Structures are given as structure tokens and as C-alpha cells.
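Just so you know, the protein sequences line up as chains D and F, in that order. The opening residue of the first sequence carries number 0 in numbering that gives the first Met the number 0; numbering runs sequentially from there. The opening residue of the second sequence carries number 0 in numbering that gives the first Met the number 0; numbering runs sequentially from there. Some notes on the structure that comes next.
Number of protein chains: 2
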Amino acid sequence: MKTVKGSSRRLTAREKTAQQSVVGILQTADELSRRFAAVIEPHGITLQQFNVLRILRGAGEPLPTMEIGARMIQKAPGITRLLDRLEKKGLIERVRGTDDRRQVFCAIRSAGLALLRQLDAPVAALDERCVAPLGMGQRERLIQLLASVRKGLPGG
Amino acid sequence: MKTVKGSSRRLTAREKTAQQSVVGILQTADELSRRFAAVIEPHGITLQQFNVLRILRGAGEPLPTMEIGARMIQKAPGITRLLDRLEKKGLIERVRGTDDRRQVFCAIRSAGLALLRQLDAPVAALDERCVAPLGMGQRERLIQLLASVRKGLPGG
DNA sequence: TCTTTTTACTTGACACATCAAATATTAATT
DNA sequence: AATTAATATTTGATGTGTCAAGTAAAAAGA
Chain D
0 MKTVKGSSRR LTAREKTAQQ SVVGILQTAD ELSRRFAAVI EPHGITLQQF NVLRILRGAG
60 EPLPTMEIGA RMIQKAPGIT RLLDRLEKKG LIERVRGTDD RRQVFCAIRS AGLALLRQLD
120 APVAALDERC VAPLGMGQRE RLIQLLASVR KGLPGG
Chain F
0 MKTVKGSSRR LTAREKTAQQ SVVGILQTAD ELSRRFAAVI EPHGITLQQF NVLRILRGAG
60 EPLPTMEIGA RMIQKAPGIT RLLDRLEKKG LIERVRGTDD RRQVFCAIRS AGLALLRQLD
120 APVAALDERC VAPLGMGQRE RLIQLLASVR KGLPGG
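Have a look at this one:
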């Protein structure tokens, strides 16, 4: 069997759509995070730090480190250091739990809320620009397809 | 106007689908890369290193650093160090260009090709598992929707 | 109650991304 | 030809993610 330019073997149609779907998701995400970083970082925080702040604001109450990690789909070590930097900037504060003293609760401070307020409009505008080519029906379909993918993920 | 649990303002339906689409893409990509990393890293290379090797194999000829960067949608500095590590592992080799001596051409070595051959089947299998819940029609729709998003991206 | 296991983090080591600044070299200009 | 501008990479500093180990405290079990 002839090989195709160094590729080891031809893919079936099914394999091809699988690969294209995966590559499409990964590439699109890469491009999107770059755009969001470009809007957010000039304000002195990174995209991930922004996400933590939004989670804390959305929760409306202090959250333990692990809970933030769960919502960020991310391991604890990364979260700890992310919180370190946010704390150093005065955007959040951490308090050792009293009930369970292993936990560290994290709350957004007013400076953090103020920063989020500044970013709300530009970020919402960028959300919209990112999916501008899609009508409402297409957006809903996209959201649905991605949810199906996540739900069916092996070991997840 | 009452605020919703710390959130600054209510989103319109349109804004909400935009945000959900973006978040969905980013989260799904996160989960997917984790799965691929879990399959690839036990073989001694990272997901990004694997991507570089696949690009080099697919090209079928040595590529300059910048060209690899373009295909990875990534800036040059990152590529340089990625190539450093692949070179140290003996999976690629670099040669200073003769025509334009600023360029550094990068070629995959036989050890790199052998490693890719080992990974081809498990990676294709994972591609398939990742989108297993979707039928062919849905995969094609997903690929199309993501392509529309990328095509319409501001400044891209 | 004392030991063992399981959490919730934290810290150390390493991969990787980006920006900014340096290098080397080629292209454009004057 | 000499100077200036643009290009291809590399290096240094910083933020972030992961795994492996360590610490502290709560939960389980004997």
C-alpha cells in the first residue's frame, strides 16, 4: 500500500471526521484564548486569573481552593499559585477554614470586583464577535454538540 | 435593577449563547488535550512535541522554524525551545539554511518516525472515542461550525 | 484512643506560552 | 557601496499547567 507523504496509513472517512473534529476544537480554542488574552491582559491580569475572579464573583461567597479547581477543570497545584498571584495583587483574599482547617477559602475583594466590572463589557463584546458568523440556531447546535462530546468523554 | 448573585448585569439571550459557545469550546479543548496528553506522554514526549513531529512527517521535507510555528499557530520563541527538546531526544535534527542563513531547517529523524508509528493507532482510537457520541452528520456539522467561527475571527 | 487512610493544600521540578530585547543576515534605500 | 529596515531565531523574564512529594488535619478502622 502506498503511503501518503510520510503518513503511515490512509484514514477511513469516519476516522477523518473524528480527527478533524478534535483538531478543529483544539485549534479554535487556541485562537479564542489568544483573543481573550489580548483583551484582558492589558488590564493587569491573565485570562486564567480573570476566570478565577469570575468564578468567585459568580459564586457570591468564598470558595475553597479545590472547588475553584473543580470549576476551572484544573489540578490543585496550578490553582494554588494562581491564587497566590491574585492575592499579591490584592484582588482576592484567603482565609483558613474554621470548620475544616485543611481548607482555604478564597473571596474576591472589592478591587477584584471593580476590575471585573471594567472587563464585563469588552469581554461580552468579544464573546459576541467570536461567534458573530453563527445565528442563534447554529450557536445552540454548537453548544449542544460540544456538550455531547464532553459528556461522552472516556473516564469523564 | 437587582443584580444576580454578584454578576453585574443580566445577559441577553444572544449574549448568553455567545458566552456559552466560547466557554464550551475552551472547556472541551481543555478536556481533550488532557486525554491526548495522557495517551502520548507515557511514550516520552508531550502533546506539543507530538504535534511538531506529526507536522514534520506530514510535510515530508525539512521545514524552517517559522513554518512550524505557523502550522502550530504559535509564536517563534515557543517553537525554538520545543525543537530544542525534540533535538535533545534525538527525534529531530536541525540544519542552518544554506540559501538564507537566517533560517534553521528542521527534519524528523527515523527515531521520530518510529515513535509516531507507535502512536498512530492509539491516537486515532482516541480521536474516535472523543467524538464517539456524534454521528457522521453531527461531526461534519461541528467541523463546519468551528470553521465558521475561525473564519470570522476578528483580525484573523 | 491509637493507627491508617483519605483529603486539602503547598512546594519543587519541568514543559510550554508569551513578550521584549539581542543576534545574525538579507532586503531595500539612498 | 553604506545605511537602514525587515526577517528568522534565540535568550531572558514571567505566568501557568502537570506530576511527585511533603505537610497538616479530618475521617475510618481496629
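Positions of the beta carbon are idealized from the N, C-alpha and C atoms, including for glycine. This one's a predicted model, so the numbers in the text were calculated from it and none came from an experiment.
- DSSP on D:Leu62, reduced to helix/strand/coil? Here residue 62 of chain D refers to the residue found at position 63 when the first sequence is read from its first residue. DSSP places D:Leu62 in strand when its eight states are reduced to three.
- Query: Which of the three DSSP states, helix, strand or coil, is assigned to D:Arg101?
  - Reply: The residue given as residue 101 of chain D occupies position 102 in the first sequence. D:Arg101 falls in the coil class under three-state DSSP.
- Reducing DSSP to helix, strand and coil, say where D:Ile24 ends up. Stepping through the first sequence from its first residue, residue 24 of chain D is reached at position 25. It is helical.
- Message: At a CB distance below 9 Å, what residues from the region 105 to 118 of chain D approach chain F? Give them in sequence order.
- Response: Cβ contacts with chain F: Ile107, Leu112, Leu115 and Arg116.
- Task: Could you name the residues of chain F that D:Met65 contacts, counting a contact when the two beta carbons are closer than 8 Å?
- Result: Position 66 of the first sequence, counted from the first residue, corresponds to residue 65 of chain D. For D:Met65, no chain F residue has a C-beta closer than 8 Å to its own C-beta; the minimum C-beta separation is roughly 17 Å.
- Of the residues D:Leu46, D:Val51 and D:Leu31, the one placed nearest F:Pro153, counting alpha carbons only: To locate residue 153 of chain F, count along the second sequence from 1; it is residue 154. It is D:Leu31 whose Cα lies nearest to the Cα of F:Pro153.
- Message: Looking at chain F, is there any beta carbon in it that lies within less than 8 Å of the beta carbon of D:Pro132?
- Response: Counted from its first residue, the first sequence places residue 132 of chain D at position 133. It does; some Cβ of chain F falls within 8 Å.
- When burial is assigned at 16 or more other CB atoms within 10 Å of the CB, is F:Gly96 buried or exposed? If you number the second sequence from 1, residue 96 of chain F lands on position 97. Looking at its Cβ environment, which holds fewer than 16 other Cβ atoms inside 10 Å, F:Gly96 is exposed.
- Message: Quick check on D:Ser20: buried or exposed, where buried means 16 or more other Cβ atoms within 10 Å of its Cβ?
- Response: Position 21 of the first sequence, counting from 1, holds the residue named residue 20 of chain D. By the neighbour-count rule (16 or more Cβ atoms within 10 Å), D:Ser20 is buried.
- Message: I need the straight-line Cα distance from D:Lys1 to F:Ile54, nearest angstrom please.
- Response: Residue mapping note: residue 1 of chain D aligns to position 2 of the first sequence, counting from 1. Residue mapping note: residue 54 of chain F aligns to position 55 of the second sequence, counting from 1. Its pLDDT being 42, under 50, D:Lys1 is placed unreliably by the model, and the measurement read from it follows with that caveat. A straight line joining the alpha-carbon of D:Lys1 with that of F:Ile54 spans about 19 Å.
- Task: Please classify F:Asp83: is it buried, with 16 or more other beta-carbons within 10 angstroms of its beta-carbon, or exposed?
- Result: Position 84 of the second sequence, counting from 1, holds the residue named residue 83 of chain F. By the neighbour-count rule (16 or more Cβ atoms within 10 Å), F:Asp83 is not buried but exposed.
- Query: Cα separation between F:Gly77 and D:Ile107?
  - Reply: Mapped onto the second sequence, residue 77 of chain F falls at position 78. Mapped onto the first sequence, residue 107 of chain D falls at position 108. Near 33 Å, if we compare the C-alpha coordinates of D:Ile107 and F:Gly77.
- Query: When you compare each of F:Thr79, F:Ser147 and F:Asn50 to F:Thr64 by their alpha carbons, which one comes out closest?
  - Reply: For the purposes of this step, residue 64 of chain F is identified with residue 65 of the second sequence, where counting begins at 1. Proximity to F:Thr64 across F:Thr79, F:Ser147 and F:Asn50 peaks at F:Thr79, based on C-alpha coordinates.
- Say whether the region 130 to 148 of chain D touches the region 136 to 152 of chain F, bearing in mind that this needs 3 or more beta-carbon pairs closer than 8 Å, one atom from each stretch. Put simply, the region 130 to 148 of chain D touches the region 136 to 152 of chain F. At least three CB pairs are less than 8 Å apart.
- Message: Going by DSSP in three states, F:Val130 sits in which element: helix, strand or coil?
- Response: Taking the first residue of the second sequence as 1, we reach residue 130 of chain F at position 131. If DSSP states are grouped into helix, strand and coil, F:Val130 belongs with coil.
- Message: Let's test the definition: count the other Cβ atoms within 10 Å of the Cβ of D:Val148 and tell me whether it reaches 16, buried, or not, exposed.
- Response: Stepping through the first sequence from its first residue, residue 148 of chain D is reached at position 149. Around the CB of D:Val148, 16 or more other CB atoms lie within 10 Å, so the residue is classed as buried.
- Item | Three-pair Cβ contact test at 8 Å for the region 116 to 133 of chain F versus the region 60 to 74 of chain F | Judged by pairs of C-beta atoms under 8 Å, the region 116 to 133 of chain F does not touch the region 60 to 74 of chain F, as fewer than three such pairs exist.
- Work out the CA separation of D:Leu85 and D:Ile24 for me, nearest whole Å. As a first step, residue 24 of chain D is located in the first sequence; it is residue number 25 there, counting from the start. As a first step, residue 85 of chain D is located in the first sequence; it is residue number 86 there, counting from the start. Roughly 29 Å separates the two Cα atoms.
- Could you tell me the distance, in whole angstroms, from the CA atom of F:His42 to the CA atom of F:Val51? For this step, residue 42 of chain F is matched to residue 43 along the second sequence. For this step, residue 51 of chain F is matched to residue 52 along the second sequence. F:His42 and F:Val51: Cα-Cα distance of roughly 15 Å.
- Item | Cutoff 8 Å: D:Ala28 Cβ touching any chain F Cβ | Counting from 1 along the first sequence, the entry for residue 28 of chain D is found at position 29. Interface residue, yes.
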